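Have a look at the structure below, then the notes.
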Amino acid sequence: MNDYILRATFAGDSGRIFVANTKETVNKAFEYHKTSPVMTAALGRTLTGAAIMGSMLKSDDDLLTISIKGDGPGAGITVTANNRVQVKGYPFNPVVDIPLKSNGKLDVSGALGYGTMTVIKDLGLKDPYVGQIPLVSGEIAEDLTYYFAKSEQVPSAVSLGVLVDRDYTVKQSGGFIVQMLPSADDEVISKLEEKMKNIKSITKMLDEGMDCEQILNEVVGDMQPKIYEKIPVEYYCNCTRERVEKALISIGRDELTDILEKDKQATLHCHFCNKDYHFYENDIRDILNRSAK
Ligand SMILES: [Zn+2]
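Going by the numbering used here, the sequence shown opens with residue 22, and the numbers climb by one from there.
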């Protein structure tokens, strides 16, 4: 696994920056979901954003979810990440075929349409933190920038990108998030704003062969960056037959007895890795017997 996130600060404690390479992770998502290029880009950008945000979580049990719902043909995306940066996600409609934008880029905002982005952070408290914004661009990075400003009051710059190859596999994928901390002075802020106006796209930098360290230097190289951590990123689905069985039990004994009598079998599907779990007559009877105890 070559995917990782670089976590660094710059200009003393003025800001922090996370740079991610997520090519293998997003390619795994493509293999699971057989997404068309525009949905590979939409899902990949969301996975990359979630991966970085997952790395910001403090505790091992914390879970971050980004849920996008739109009125476009792609309909939406759900992605989760934990602080070990295990990410997974799925598009509501994996195959969307729409024309490229006039600049030749995949039309992610056209695929998602108008809608909302909801960020849920389950931090082990009674109620999870929920922040919701309208999709301001539908291109994901701009939406996350808006989310950080609006819901978390943290001025941020977000860049996310996925380059899809001719054979539909993922050629490049990555991104960065820069956040200004309260101690940042105006000079650092305006310097960074200026930098953001002229910076190359993340996919261009990755495609030129730049690694996360080089991209970090490109963004904040003249502001004394200090690297703290290199965190591996992976696409990981934690579904097991045991977990799925629990979901089956949770529908209730009556419902389950009903299934046993009518269908004599049940199939449960994991959206994140597209795995089917089959439960036959014997299995269901077995579950009923065990849950009776
Ligand atoms: Zn799964």
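Glycine included, C-beta positions come from ideal geometry on N, C-alpha and C. Bear in mind the structure is a predicted one, so any value in this text is a computation, not a measurement.
Secondary structure of ASP143 (DSSP, three-state): strand. Look at LYS218: its beta carbon is at least 6 Å from all of the heavy atoms in ligand 1.
Excluding residues up to 5 positions away in sequence, SER35 and GLY36 lie with their Cβ nearer than 6 Å to the Cβ of ALA205 in the same chain. For the 7 Å CB-CB criterion, LYS90 and THR101 do not form a contact. For LYS221, the three-state secondary structure derived from DSSP is coil.
Counting C-beta atoms within 10 angstroms of its own C-beta, GLN153 has fewer than 16 neighbours from the protein chains shown and is therefore classed as exposed.
Note on geometry: alpha-carbon atoms of LYS216 and LYS225 lie some 16 Å from one another. Taken in chain order, the complete alpha helix (DSSP H) segments of 4 or more residues contained in the region 281-313 are 302-313. The DSSP-derived three-state label of TYR189 is coil. Taking the Cβ atoms as the reference, ILE223 lies roughly 18 Å from GLY159, outside the contact range of under 8 Å.
When distances are taken from the beta-carbon of LYS296 to the heavy atoms of ligand 1, the shortest one is below 6 Å.
Going by DSSP, ASN238 is part of the alpha helix (DSSP H) stretching over 233-241.
Distances from the alpha-carbon of VAL59 to those of MET244, HIS290, HIS299 and GLY134 put GLY134 closest.
Looking at the backbone, the Cα of THR30 and that of ASP82 are separated by about 25 Å.
Taking the CA atoms as reference points, ASP207 sits about 12 Å from ALA32.
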